[in-house]
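Per this note's numbering, the sequence shown starts with residue 94, numbered consecutively. Just so it is clear, CB atoms sit at the ideal spot from N, CA and C, and this is done for glycine as well. What follows is one structure encoded as structure tokens, with my remarks underneath.
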Amino acid sequence: MKAGFCRKQNTGSFFRSFIPLHVSNPFFLNVYKLLARVQVPQSVRERNLAENREHLHGMDWKFWNQSSTYIENQREWGKIRFGAGPHHNMSYSGCEIIAAFNAKKVFGFPGTAEEMAELIYEFESCGAALWGEFGTSPAAIAKHFERNGFSIIMTVKEDDNVMDKINRECPAVIVTVYNDRHDILKQVHTVCITKESKGYVIHNAYRLDTGGNYNASCPYRTLMEAVGHISRYESKLICAIGIAGMQIASNVHK
94 MKAGFCRKQN TGSFFRSFIP LHVSNPFFLN VYKLLARVQV PQSVRERNLA
144 ENREHLHGMD WKFWNQSSTY IENQREWGKI RFGAGPHHNM SYSGCEIIAA
194 FNAKKVFGFP GTAEEMAELI YEFESCGAAL WGEFGTSPAA IAKHFERNGF
244 SIIMTVKEDD NVMDKINREC PAVIVTVYND RHDILKQVHT VCITKESKGY
294 VIHNAYRLDT GGNYNASCPY RTLMEAVGHI SRYESKLICA IGIAGMQIAS
344 NVHK
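So, in structure tokens, the structure goes:
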């Protein structure tokens with residue numbers, strides 16, 4: 094019995110780790126692109142936009158209109174609609190949109206409730222993976238910044254040269270990781286990492302202070318050190334989108 098139990102455990106561990114360890118990041122991102130072709134119906138998008146405007150404008154959150162304050166509290170966004178899947182809310186699958194919103198604040202965007210409502214609507218129209226059930230395709234996030242005149246540097250591997258270039262040129266980086274490289278069931282998470290005077294700070298990584306409030310992380314010395322601390326498990330990079338500024342140019346490293 095004990096040997097059989099161990100074999101079952103090992104088999105389960107193998108299947109849970111198969112995608113993070115053996116499926117290439119470009120392939121994984123292409124699957125996301127395919128899932129994003131399943132569009133959220135127009136009627137749902139319009140209904141979500143109306144409801145989100147009402148809820149977001151009624152939320153007395155300090156990050157509205159404050160360029161140096163970021164969204165950290167995704168888990169409190171259960172009333173904000175996103176997509177048409179079984180969960181269809183920002184608390185469950187809105188991390189990519191929150192990361193994009195936070196990144197834009199680095200470049201002086203005021204970050205209003207109306208901006209967020211329209212950003213959700215935009216990604217529901219183009220980018221929501223399987224009606225939003227699997228969040229938003231990272232490729233759609235990259236295209237959003239390019240369409241809006243930003244220069245980006247995108248990588249799907251932990252390449253020291255590319256990461257050094259992002260370190261030098263990008264004050265904001267949107268990073269998607271497997272929360273646990275050994276367990277796909279712990280899902281995927283996307284955050285914005287900002288380059289501050291004391292180091293790299295992770296936003297919306299579910300950090301709670303002693304008072305139960307969500308906060309940014311402590312500063313990390315390097316970008317890759319920050320990436321390694323996005324989750325409390327052994328996270329693994331899927332892609333990083335460095336955002337360099339308001340210039341129309343793009344480099345993608347595979």
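Exposed unless 16 or more other CB atoms sit within 10 angstroms - verdict on residue i
{"i": "I336", "result": "buried"}
{"i": "N306", "result": "exposed"}
{"i": "F243", "result": "buried"}
{"i": "A96", "result": "Per-residue confidence for A96 stands at a pLDDT of 48, beneath the threshold of 50, marking its modelled position as unreliable; the derived number appears in the next sentence. By the 10 Å Cβ count, A96 comes out exposed."}
{"i": "G225", "result": "buried"}
{"i": "N241", "result": "exposed"}
{"i": "V255", "result": "buried"}
{"i": "R138", "result": "buried"}
{"i": "E318", "result": "exposed"}
{"i": "L316", "result": "buried"}
{"i": "S106", "result": "exposed"}
{"i": "N158", "result": "exposed"}
{"i": "L122", "result": "buried"}
{"i": "S117", "result": "exposed"}
Spatially closest choice to residue i from the options, by CA coordinates
{"i": "A129", "options": "A177, N158, S184, I112", "result": "A177"}
{"i": "E169", "options": "M152, N158, W157, Q159", "result": "M152"}
{"i": "G200", "options": "P264, S106, V116, V294", "result": "Note on residue identity: the sequence assigns Phe, not Gly, to residue 200. Here the closest residue by C-alpha is P264."}
{"i": "K250", "options": "Y271, E217, A196, E207", "result": "Y271"}
{"i": "K155", "options": "N182, P119, E144, A206", "result": "A206"}
{"i": "T269", "options": "S161, V320, R261", "result": "V320"}
{"i": "G228", "options": "E147, S106, N182, H150", "result": "N182"}
{"i": "G204", "options": "Y163, L316, S324, I246", "result": "Y163"}
{"i": "L149", "options": "I173, S160, A232, V131", "result": "I173"}
{"i": "A143", "options": "M209, N118, L223", "result": "M209"}
{"i": "V131", "options": "D253, M339, P231, L223", "result": "L223"}
{"i": "V119", "options": "D252, T248, N145", "result": "What sits at residue 119 in the sequence shown is Pro, not Val. Measuring from the Cα of P119, the nearest candidate turns out to be T248."}
{"i": "G187", "options": "E165, S161, I323", "result": "E165"}
{"i": "E262", "options": "A196, V116, G338, R146", "result": "G338"}
{"i": "R146", "options": "I286, E211, S117", "result": "E211"}
{"i": "K198", "options": "Y185, G171, S161", "result": "S161"}
{"i": "L127", "options": "V116, H237, C219", "result": "C219"}
{"i": "H237", "options": "D253, G171, A196", "result": "A196"}
Continuous beta strand (DSSP E) stretch holding residue i: start and end
{"i": "S186", "result": "Here S186 belongs to no beta strand (DSSP E); instead the alpha helix (DSSP H) covers 183–186."}
{"i": "L330", "result": "329–338"}
{"i": "S244", "result": "244–248"}
{"i": "A265", "result": "265–271"}
{"i": "V294", "result": "292–296"}
Residue j beta carbon less than 7 Å from that of residue i
{"i": "K279", "j": "P113", "result": "no"}
{"i": "K288", "j": "P312", "result": "no"}
{"i": "I234", "j": "A193", "result": "yes"}
{"i": "S310", "j": "V284", "result": "no"}
{"i": "I191", "j": "I213", "result": "no"}
{"i": "R109", "j": "D302", "result": "no"}
{"i": "N308", "j": "R314", "result": "no"}
{"i": "P231", "j": "C332", "result": "yes"}
Cβ distance (whole Å) where residue i is taken to contact residue j below 8 Å
{"i": "E215", "j": "F175", "result": "E215 to F175, Cβ: 11 Å. No contact."}
{"i": "I334", "j": "V281", "result": "With 8 Å as the limit, I334 and V281 do not qualify as a contact, their Cβ atoms being about 15 Å apart."}
{"i": "N297", "j": "Q135", "result": "Actually they do not touch by this definition, with Cβ atoms about 29 Å apart."}
{"i": "D273", "j": "Y326", "result": "4 Å"}
{"i": "V124", "j": "A221", "result": "Not really, about 14 Å apart at Cβ, beyond 8 Å."}
{"i": "I245", "j": "E239", "result": "6 Å"}
Start and end residues, alpha helix (DSSP H) containing residue i
{"i": "V320", "result": "316–320"}
{"i": "G225", "result": "Segment: none, G225 is in no alpha helix (DSSP H) and carries neither H nor E."}
{"i": "I213", "result": "206–218"}
{"i": "D286", "result": "Strictly speaking, residue 286 in this sequence is Ile, with Asp absent from that position. No alpha helix (DSSP H) holds I286; the beta strand (DSSP E) holding it covers 281–289."}
{"i": "R140", "result": "135–151"}
{"i": "I259", "result": "253–262"}
{"i": "L122", "result": "118–128"}
Cutoff 7 Å: residue i Cβ touching any chain D Cβ
{"i": "T315", "result": "The structure shown contains no chain D, having only a single protein chain."}
Residue i CB to nearest heavy atom of the ligand HEM below 6 Å
{"i": "E139", "result": "This structure lacks the ligand HEM, and indeed carries no ligand of any kind."}
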